[in-house]
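Student: These protein sequences, in sequence, are chains A and B.
Note that our numbering has the first sequence beginning at 4, numbered continuously upward.
Note that our numbering has the second sequence beginning at 20, numbered continuously upward.
Ideal Cβ placement from N, Cα and C applies to all residues, glycine included.
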Amino acid sequence: MDLTLLADAPTTAERAAVDAVVGSAPGTGPGSPTDPADGTGAADEGRRDLLLPAFHAVMDAVGWISRGALSYVCETLHVPPAEAYGVATFYALFSVTPRAPRIAHVCDDVGCAAFGGEDLCAAMEERLGPEGSGEEVTWTRSPCLGLCERAPAVFLQTTHGHGQIAPADADAVTHALDGEDVAGPDPVVSTPQAGSPDLELLSRVGVVDPGDLDSYRAAGGYAGLRRALAVGPARVVDEITVASLTGRGGAAFPTGTKWSAVAGSPDPVKYLVCNADESEPGTFKDRVLMEADPFALVEAMTVAGIAVGARLGYLYVRGEYPAAEAALLRAISEARRHGYLGDDVMGSGRVFDLEVRRGAGAYICGEETALMNSLEGRRGEPRAKPPFPTVSGLFGKPTVINNVETLVNVLRIVEQGGPAFASVGSGRSTGTKLFCLSGVVARPGVYEVPMGTTLRELLELAGGVPVGLKAILLGGAAGSFVTPDQLDVPLTLEGTREIGATLGSGVVLCFDESTDFAAVLRRIAGFFRDESCGQCVPCRVGTVRQEEALARIERGREIGGRTVELQLLDDVDRVMTDASICGLGQTAASAVRSALSLGLIGSGGGARRNGDHP
Amino acid sequence: MTTVDLGTIRRLVSVTVDDVEHRVPEGATIMDVLDSAGADTPRLCQAPNLTPVNACRVCVVEVEGSRPLVPSCARRVEDGMVVRTDTDRVAHSRRMVLELLGSANDMSQAGDDVARWSIEYGADPERYGPVGPPAAAGERGNRHAGHHSAPDGETRATVAQPVTVDNDLYVRDYARCILCYKCVEACGTDAQNTFAIAVAGRGFDATISTEFAVPLPDSACVYCGNCIGVCPTGALKSVAEHERREAGVWDPEGETVTSTICSFCGVGCTLELHVQDNTIVNVTSPHDHSVTHGHLCIKGRFGFQHVQNVAPPRDR
Ligand SMILES: Cc1cc2nc3c(=O)[nH]c(=O)nc-3n(C[C@H](O)[C@H](O)[C@H](O)COP(=O)(O)O)c2cc1C
Ligand code: SF4
Ligand code: SF4
Ligand code: SF4
Ligand code: FES
Ligand code: FES
Chain A
4 MDLTLLADAP
14 TTAERAAVDA
24 VVGSAPGTGP
34 GSPTDPADGT
44 GAADEGRRDL
54 LLPAFHAVMD
64 AVGWISRGAL
74 SYVCETLHVP
84 PAEAYGVATF
94 YALFSVTPRA
104 PRIAHVCDDV
114 GCAAFGGEDL
124 CAAMEERLGP
134 EGSGEEVTWT
144 RSPCLGLCER
154 APAVFLQTTH
164 GHGQIAPADA
174 DAVTHALDGE
184 DVAGPDPVVS
194 TPQAGSPDLE
204 LLSRVGVVDP
214 GDLDSYRAAG
224 GYAGLRRALA
234 VGPARVVDEI
244 TVASLTGRGG
254 AAFPTGTKWS
264 AVAGSPDPVK
274 YLVCNADESE
284 PGTFKDRVLM
294 EADPFALVEA
304 MTVAGIAVGA
314 RLGYLYVRGE
324 YPAAEAALLR
334 AISEARRHGY
344 LGDDVMGSGR
354 VFDLEVRRGA
364 GAYICGEETA
374 LMNSLEGRRG
384 EPRAKPPFPT
394 VSGLFGKPTV
404 INNVETLVNV
414 LRIVEQGGPA
424 FASVGSGRST
434 GTKLFCLSGV
444 VARPGVYEVP
454 MGTTLRELLE
464 LAGGVPVGLK
474 AILLGGAAGS
484 FVTPDQLDVP
494 LTLEGTREIG
504 ATLGSGVVLC
514 FDESTDFAAV
524 LRRIAGFFRD
534 ESCGQCVPCR
544 VGTVRQEEAL
554 ARIERGREIG
564 GRTVELQLLD
574 DVDRVMTDAS
584 ICGLGQTAAS
594 AVRSALSLGL
604 IGSGGGARRN
614 GDHP
Chain B
20 MTTVDLGTIR
30 RLVSVTVDDV
40 EHRVPEGATI
50 MDVLDSAGAD
60 TPRLCQAPNL
70 TPVNACRVCV
80 VEVEGSRPLV
90 PSCARRVEDG
100 MVVRTDTDRV
110 AHSRRMVLEL
120 LGSANDMSQA
130 GDDVARWSIE
140 YGADPERYGP
150 VGPPAAAGER
160 GNRHAGHHSA
170 PDGETRATVA
180 QPVTVDNDLY
190 VRDYARCILC
200 YKCVEACGTD
210 AQNTFAIAVA
220 GRGFDATIST
230 EFAVPLPDSA
240 CVYCGNCIGV
250 CPTGALKSVA
260 EHERREAGVW
270 DPEGETVTST
280 ICSFCGVGCT
290 LELHVQDNTI
300 VNVTSPHDHS
310 VTHGHLCIKG
320 RFGFQHVQNV
330 APPRDR
């Protein structure tokens, strides 16, 4: 294919940024997509998989992607410019129009809005003018930044670096935009149980120095990999199956089933992917694990990769998680330097290495097949399933994709054995589980409890059942609301299902009686409208109509009365749930549905225009 | 590209549709089965000469064992598959897809089938409130992913916007675009391999666009018109058709179609000349033609002026 490029030339800075990415890419690494021996066919497309890294480099250098920069990226990576433009415009962190090079993304999502987020937005508007205005510095609203336990949260995206501030105030944000160094949030503070002997997944948080391999080893690190290498891949896969480990990313799929499928595939090239795109509103557990104990994830991925026969693993980290990304990059390079990654892992003769890729602001890229498209340099649109990733995943190869927390569990399973893991919890819900407590709780943060702990017990750990508790958003924006009379639900897959809820990604976001639930629902509806990839009609248009209808109900401006609007919402809900391509559309009405059925909105507020509602 | 493989004998599998058993070749789609059984299955993003993208979801059916409905155009049959098309859920989703599209798009040129399905399934696009203001030219393409201004719900958002006329051969009327991806596929790997257009933006603000929305003459477009050939809604059409429609003299009833062979080169593509009022208004090729699969090049598609020996439709 010949490329027709626009005539615009890149600036020196743009050219240098792109060259640095392409020059440093480990294009010949083991199992890399362009390794001619692996026959993935990806080489026909140049290095399209470097499209996101190249755009990030341009954004970080100059603050936006100009025509010249895009053309140069296309020429270098051999991607048609219309397609590259389609990719650049898919992601919230990229801009294809000139924009201030220093920008503060201010969270106004459900965990922050009422907890200082809206006030901060107002303060930023007062100082910097309307969202997006300003030549040198600007601010914009953002969906959940994964820092909900320390609301309100801000992500800084500037040409002199990225950072996070939480809790943030207007002074701190303006100073940081002006170039002052900011100390990022300390993950240990977000882990109230840190140091407790009862912990497994969080046992090293606050105990080890996340930048120091020796400290990790002194705390028992790399015992899991040593044992995994000793017993061999087949045994490791068996242990995972016996442990009955289920995915912690939201879908709760049995991990052993995925691993066996890929391990058993005759294809010589396989991939392991870690889903660290954590963007479900209210979720921050993976961030804490990556920031505070990055070697654990690196080790776990090495165990997983070798067990399923992958020579290369990708770690797709959320773009708004600069501290996690830095911690992982440091850990990977340390591990590589000490022979824990590379051509001869711990002297075993086995090959495994890791590449970190940064997301660019798209919740949908947490969906596993959208994530793979994103890694390949395509728009983050979910793929049709079947085929499933275990058959045809990244670059069309059999792929295991797992959540961060799922993978970290692997270490303990190989160290203690599958049966020990399975003895905690019950049914399909085994092991311990991380929960993200935020909102009106006394001690917000990440908590680790055995599966089967009740919601009430969990709240007790965080300082007790909040005074005036009205409802809890369980499982995230894609989850549902539960009420104070349901606090004795055991937190298991089965227990939550029984009350029509889900564990989801472990979100426990608490609201009290002062909450404006109409505003909360509108924010959730607006979230799905913003984050829909746009591929399928039920979700693309349905999320818009859902938000509009909620806006009318909130204002008491119903068309044809309340009953008619509720019918309309129900009709939209059904088509999104039944006929959408992926989980985003299929759950976009879930929280709204539960709030309506619990009477959290509409049972008092809002003047009625056409009074046909009983 | 879908090709009918006559060379190999395929195993037959058994599929039950609404309690009736069918024996069909392995590899067929559920839609193939429904079509051969004579069912009137709605479809928008499907085309026999394009890879299924299963984006519109109007063709969904129930498949036993699957919680979400399944797109019949893309899902291949498996032995023992149990399919239902006669359920409330299927009817509801089909109706809602048509209704949601009708609420956001101008579907008035989407053809008789769409009009019939909309009535049959009871789509009522008007219940979402009065139509909101149209976007100014270029505005929809400039929206930033992940950001929209909160609606008040008083009017319904649509994709209405002015027609893009930036070349002499065809127009792009994206107020009609349902984002079926067909033009992108035809311009890309399914036919033309030119990649002049792609989907840009995200969610409801996604559009079909060139890079930086530059005019077609500045893009990679070679004016093969294959995108026009596959567009189901009239969003893409020849200038000849656009101008006749604008002038109120578009006359599909009075149209005659004449088959001929393209004389420009040795490939010998079959052409169908669509003639209204003694003037060629469109040139197409049958999608089941073994050479073209419905796709042509600029000469076959637009090189008809010399035949009718009149001035080109738009003189610049
Ligand atoms: C819209 C959407 C967003 C998702 N986001 C995430 C995410 O941020 N992190 C994650 O691990 N899984 C996410 N998932 C679930 C993944 O698709 C997938 O199930 C998971 O990565 C598999 O890993 P696990 O089995 O270890 O959970 C998301 C799913 C959907 C539909
Ligand atoms: S459900 Fe939504 S996010 Fe998922 S594929 Fe469809 S449009 Fe995209
Ligand atoms: S006319 Fe041909 S080259 Fe131009 S956009 Fe359409 S399909 Fe692509
Ligand atoms: S322009 Fe036509 S073919 Fe292209 S996506 Fe829109 S409706 Fe489909
Ligand atoms: S960081 Fe604001 S809601 Fe999560
Ligand atoms: S025709 Fe099947 S999804 Fe569009």
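May I ask you to list the residues that DSSP assigns as paired with B:Ser257?
Tutor: B:Ser257 pairs with B:Tyr189.
Student: Strictly closer than 5 angstroms from CB to any heavy atom of ligand 7: give me those residues in the order they appear in the chain.
Tutor: Among the ligands modelled here, namely ligand 1, ligand 2, ligand 3, ligand 4, ligand 5 and ligand 6, ligand 7 does not occur.
Student: Where the beta carbon is closer than 6 angstroms to any heavy atom of ligand 3, which residues qualify, in chain order?
Tutor: Result (chain order): B:Ala205, B:Cys206, B:Gln211, B:Thr213, B:Ala215, B:Ile216, B:Cys240, B:Val241, B:Tyr242, B:Cys243, B:Gly244, B:Asn245, B:Cys246.
Student: Only counting the same chain, and skipping five residues up and downstream in sequence, which positions put a Cβ closer than 6 angstroms to that of A:Ile502?
Tutor: Excluding residues within five positions, the ones whose Cβ falls inside 6 angstroms are Gln489, Val492.
Student: Between A:Cys536 and B:Gly222, how many whole angstroms is the CB-CB distance? I'm expecting something under 8 angstroms.
Tutor: Their Cβ separation, rounded to whole angstroms, is 7 angstroms, which keeps A:Cys536 and B:Gly222 in contact under 8 angstroms.
Student: Classify A:Trp142 as helix, strand or coil using the three-state DSSP reduction.
Tutor: Strand.
Student: Any residues in the segment 448-460 of chain A with a beta carbon nearer than 8 angstroms to a beta carbon of chain B? Which ones, in chain order?
Tutor: Cβ contacts with chain B: none found.
Student: Measure from the C-beta of B:Ser238 to each C-beta in chain A and report whether the shortest distance is under 8 angstroms.
Tutor: It does; some Cβ of chain A falls within 8 angstroms.
Student: Helix, strand or coil for B:Thr303 per DSSP?
Tutor: B:Thr303 falls in the strand class under three-state DSSP.
Student: Taking A:Asp515 as part of the beta strand (DSSP E), name the residues at either end of that continuous run.
Tutor: Counting along the chain, the beta strand (DSSP E) containing A:Asp515 begins and ends at 510-515.
Student: Is there a Cβ from chain B that is less than 8 angstroms from the Cβ of A:Asp574?
Tutor: It does: the Cβ of A:Asp574 has a partner Cβ on chain B nearer than 8 angstroms.
Student: Listing by chain order, which chain A residues have their CB less than 7 angstroms from the CB of B:Ala254?
Tutor: Chain A residues near B:Ala254: none, gap ~15 angstroms exceeds 7 angstroms.
Student: Indicate the three-state DSSP secondary structure (helix, strand or coil) for A:Ile367 in the structure shown.
Tutor: DSSP places A:Ile367 in helix when its eight states are reduced to three.
Student: Less than 8 angstroms separating the beta-carbons of A:Tyr324 and A:Cys277?
Tutor: No, the pair does not count as a contact, with Cβ atoms beyond the cut-off.
Student: Taking only beta-carbon atoms, is A:Pro101 less than 8 angstroms away from chain B?
Tutor: No, A:Pro101 does not count as interfacial toward chain B.
Student: Chain A partners of B:His111, CB-CB under 8 angstroms?
Tutor: Neighbours of B:His111 on chain A, chain order: Asp574, Arg577, Val578, Asp581.
Student: Give the single residue among A:Ser69, A:Glu557, A:Glu242, A:Glu337 whose Cα lies nearest to the Cα of A:Ala12.
Tutor: Ranking A:Ser69, A:Glu557, A:Glu242, A:Glu337 by Cα distance to A:Ala12 puts A:Ser69 first.
Student: I'd like to know if B:Val233 contacts chain A, where contact means its C-beta is closer than 8 angstroms to some C-beta of that chain.
Tutor: Closer than 8 angstroms: yes.
Student: Heavy atom of ligand 4 less than 7 angstroms from the Cβ of A:Tyr219, yes or no?
Tutor: No, the beta carbon of A:Tyr219 sits no closer than 7 angstroms to any heavy atom of ligand 4.
Student: With a threshold of 7 angstroms (Cβ to nearest heavy atom), would B:Cys75 be considered close to ligand 6?
Tutor: Flag set: Cβ of B:Cys75 near ligand 6.
Student: On the DSSP bridge list, what partners appear for A:Ala484?
Tutor: In the sequence under discussion, the amino acid at residue 484 of chain A is Phe, which differs from the Ala named in the question. DSSP output for A:Phe484 lists A:Leu476 as bridge partner(s).
Student: Helix, strand or coil for A:Glu203? Go by DSSP, reduced to three states.
Tutor: Note: A:Glu203 maps to coil in three-state DSSP.
Student: Would you say A:Gln549 lies against chain B (beta-carbon separation less than 8 angstroms)?
Tutor: With 8 angstroms as the cut-off, A:Gln549 does not count as an interface residue toward chain B.
Student: Within the present structure, is the beta-carbon of A:Ala254 separated from the nearest heavy atom of ligand 1 by less than 7 angstroms?
Tutor: Checking every heavy atom of ligand 1 against the Cβ of A:Ala254, one is found closer than 7 angstroms.
Student: Rounded to whole angstroms, what's the CA-CA distance from A:Asp533 to B:Gly165? Just pull it up for me.
Tutor: When rounded, the distance between both Cα atoms is 5 angstroms.
Student: Three or more beta-carbon pairs under 8 angstroms between the segment 345-360 of chain A and the segment 140-152 of chain B, yes or no?
Tutor: Taking 8 angstroms as the limit for Cβ pairs, the verdict is that the segment 140-152 of chain B does not touch the segment 345-360 of chain A.
Student: What are the partner residues of A:Gln160, as DSSP defines its beta bridges?
Tutor: Partner(s): A:Ile106, A:His165.
Student: By alpha-carbon positions, which one of A:Leu599, A:Thr456, A:Lys288 ends up nearest to A:Thr409?
Tutor: The option with the nearest alpha carbon to A:Thr409 is A:Lys288.
Student: Is there contact here, the segment 155-169 of chain A with the segment 403-420 of chain A, by at least three beta-carbon pairs under 8 angstroms?
Tutor: These segments do not touch.
Student: Would you kindly work out how many angstroms separate the C-alpha atoms of A:Arg446 and A:Val234, rounded to a whole number?
Tutor: Taking the straight line from one Cα to the other gives about 42 angstroms.
Student: Could you spell out where the beta strand (DSSP E) holding B:Leu198 opens and where it closes?
Tutor: Segment: none, B:Leu198 is in no beta strand (DSSP E) and carries neither H nor E.
Student: For the alpha helix (DSSP H) containing B:Val109, name the first residue and the last one.
Tutor: Residues 107-123.
Student: Nearest chain B C-beta to A:Glu86 closer than 8 angstroms, yes or no?
Tutor: Yes, its Cβ sits closer than 8 angstroms to a Cβ of chain B.
Student: Per DSSP, B:Leu292 is paired with what?
Tutor: In DSSP, B:Leu292 forms a bridge with B:Thr277, B:Val302.
Student: Taking the straight line between their C-alpha atoms, what separation do you get for A:Ser597 and A:Leu476?
Tutor: Going by the C-alpha atoms only, they are around 10 angstroms apart.
Student: Taking 8 angstroms as the cut-off, decide whether the C-beta atoms of B:Val178 and B:Tyr200 are in contact.
Tutor: No.
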